[in-house]
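*Asks:* Attaching a single structure in structure tokens format; questions to follow.
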Amino acid sequence: MAICIQVNLILQKRRSIIYTLYWDRGGANMATHAVLEELGVAYELIEIDLAKGMQRTPEYMAINPNGKVPTLQHRGEIIYESAAILMYLLDQHPDAGLAPELQSPRRGHYYQYLTWMSNTLQEAANRWAHPEHYVGGDTDLTLVVDKATQELSRCWSIIDDELGNKGPWLLGEKLSGADFHLFMVAYWSRRYGSRAQDWPNLRRHLQAMLQRDSIQQMMSQEGLTFDL
505 MAICIQVNLI
515 LQKRRSIIYT
525 LYWDRGGANM
535 ATHAVLEELG
545 VAYELIEIDL
555 AKGMQRTPEY
565 MAINPNGKVP
575 TLQHRGEIIY
585 ESAAILMYLL
595 DQHPDAGLAP
605 ELQSPRRGHY
615 YQYLTWMSNT
625 LQEAANRWAH
635 PEHYVGGDTD
645 LTLVVDKATQ
655 ELSRCWSIID
665 DELGNKGPWL
675 LGEKLSGADF
685 HLFMVAYWSR
695 RYGSRAQDWP
705 NLRRHLQAML
715 QRDSIQQMMS
725 QEGLTFDL
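As numbered in the numbering used here, residues 505 to 732 make up the sequence shown, in order.
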């Protein structure tokens with residue numbers, strides 16, 4: 505099946521397209537999509553419908569050999585992996601203040617949160633949502649899901665405590681790209697056995713993120729809702 509290269513949205517009243525984001529509804533593109541809105545830069549969206557298998561077409565595999573979303577295209581270069589995209593994107597716009605200065609100790613915490621969420625929190629989320637990807641044969645998938653639920657609860661507890669100690673954002677008083685990544689995984693968790701919204705400081709974080717125009721625009725464009 506040939507990939508249908510259809511531009512779903514070109515933001516108006518902006519001079520030219522700078523970024524192209526390959527996305528799927530409610531996928532791991534949510535954080536990048538919202539940050540593009542937060543930055544106010546010109547971009548286009550190209551939908552890769554995972555339910556239709558568009559991620560496995562030769563055309564898309566040539567763009568992202570992992571067959572996943574998101575993928576960001578910028579100045580002829582391709583970047584994939586959601587945390588890497590956020591780091592790269594915000595490094596292009598240092599004046600936006602969504603990443604700490606390079607020499608600041610908080611820069612290390614920013615890297616820490618993005619990689620921890622990608623490698624630990626998001627991994628637990630993936631095991632909950634797709635246990636069949638982690639075992640074969642006749643293995644009881646409930647064992648995988650139960651273990652993932654335990655790990656999610658452990659992760660939410662860590663983040664909830666840190667938000668309570670540092671808050672209102674992951675880095676303290678200043679919003680960063682890490683908060684957008686957290687919002688994305690927290691959104692997914694609304695249907696999990698352990699939900700971010702059930703932890704008090706995480707719930708406040710979610711409520712604050714949902715009030716941002718960039719989050720509202722992203723969710724509207726992707727056709728998403730989130731009722732706390």
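For glycine and all other residues, C-beta sits at the position ideal for the given N, C-alpha and C.
In this text the structure is predicted, and so the values were computed from the model without any measurement.
Assign Val539 to one of two classes, buried (16 or more other C-beta atoms within 10 Å of its C-beta) or exposed (fewer than that).
*Replies:* Burial call: buried.
*Asks:* Specify, as a first and last residue, the run of the alpha helix (DSSP H) that Thr646 falls within.
*Replies:* Run containing Thr646: Leu645 to Lys670, per the alpha helix (DSSP H) assignment.
*Asks:* Within a Cβ cutoff of 8 Å, which residues of the same chain sit near Ser622, ignoring the five residues on either side of it in sequence?
*Replies:* Contacts found: Glu585, Ser586, Ala587 and His685.
*Asks:* From Asp599, Asp702 and Leu594, pick the residue whose C-alpha is nearest to that of Tyr614; which is it?
*Replies:* The residue with the shortest Cα to Cα distance from Tyr614 is Leu594.
*Asks:* Between which residues of its own chain and Leu679 is the CB-CB distance below 6 Å, once the five residues before and five after are set aside?
*Replies:* Closer than 6 Å at the Cβ level, and outside the excluded window around Leu679, lie Trp673.
*Asks:* For the alpha helix (DSSP H) containing Leu593, name the first residue and the last one.
*Replies:* Looking at the DSSP string, the run of the alpha helix (DSSP H) that includes Leu593 is Ser586 to Asp595.
*Asks:* Tell me the rounded alpha-carbon separation between Leu728 and Trp692.
*Replies:* Distance between the alpha carbons of Leu728 and Trp692 is about 11 Å.
*Asks:* Using a 10 Å radius around the Cβ and a threshold of 16 neighbouring Cβ atoms, would you call Asp683 buried or exposed?
*Replies:* Buried: at least 16 other Cβ atoms inside 10 Å.
*Asks:* Should Ser520 be labelled buried (16 or more other beta-carbon atoms within 10 Å of its own) or exposed?
*Replies:* Looking at its Cβ environment, which holds fewer than 16 other Cβ atoms inside 10 Å, Ser520 is exposed.
*Asks:* With respect to the alpha helix (DSSP H) encompassing Gln701, which residues constitute its N-terminal and C-terminal limits?
*Replies:* Where Gln701 is concerned, there is no enclosing alpha helix (DSSP H), given that its DSSP letter is neither H nor E.
*Asks:* Looking at the structure shown, is Tyr615 part of a helix, part of a strand, or coil, going by DSSP?
*Replies:* DSSP places Tyr615 in helix when its eight states are reduced to three.
*Asks:* When the Cα atoms are used, what is the spatial distance from Lys572 to Leu549?
*Replies:* Lys572 and Leu549: Cα-Cα distance of roughly 15 Å.
*Asks:* Do you know how far the Cα of Asp644 is from the Cα of His578?
*Replies:* Straight-line Cα distance between these residues: approximately 43 Å.
*Asks:* Which residues in the same chain have their Cβ closer than 6 Å to the Cβ of Ala652, if we skip the five residues on either side of it in sequence?
*Replies:* Result list for Ala652: Ala628, Arg631 and Trp632, in chain order.
*Asks:* Taking DSSP's pairing of strands, which residues face Ile583 in a bridge?
*Replies:* The partner list for Ile583 (beta bridge, DSSP) reads Leu576.
*Asks:* With three or more C-beta pairs closer than 8 Å as the rule, is the segment 521 to 535 touching the segment 562 to 576?
*Replies:* Taking 8 Å as the limit for Cβ pairs, the verdict is that the segment 521 to 535 does touch the segment 562 to 576.
*Asks:* From Ala690, Ile589 and Gly641, pick the residue whose C-alpha is nearest to that of Trp527; which is it?
*Replies:* Looking at the Cα atoms, Ile589 is the closest of the given residues.
*Asks:* For Leu710, which three-state DSSP category applies?
*Replies:* Three-state result, Leu710: helix.
*Asks:* Between Gly544 and the rest of its own chain, which residues show a CB-CB distance below 7 Å, the 5 nearest in sequence each way excluded?
*Replies:* Cβ neighbours of Gly544 beyond the five flanking positions: none.
*Asks:* Here's the rule: buried if 16 or more other CB atoms are within 10 angstroms of the residue's CB, otherwise exposed. What is Gly641?
*Replies:* Per the 10 Å Cβ criterion, exposed.
*Asks:* Helix, strand or coil: how does DSSP classify Thr524 here?
*Replies:* Thr524 falls in the strand class under three-state DSSP.
*Asks:* Sort out for me which residues DSSP pairs Gly676 with in a bridge.
*Replies:* Note: Gly676 sits in a beta bridge opposite Trp673.
*Asks:* Where Asp665 and Ala700 are concerned, what is the direct C-alpha to C-alpha distance, given to the nearest angstrom?
*Replies:* If I take the Cα positions, the gap works out to 12 Å.
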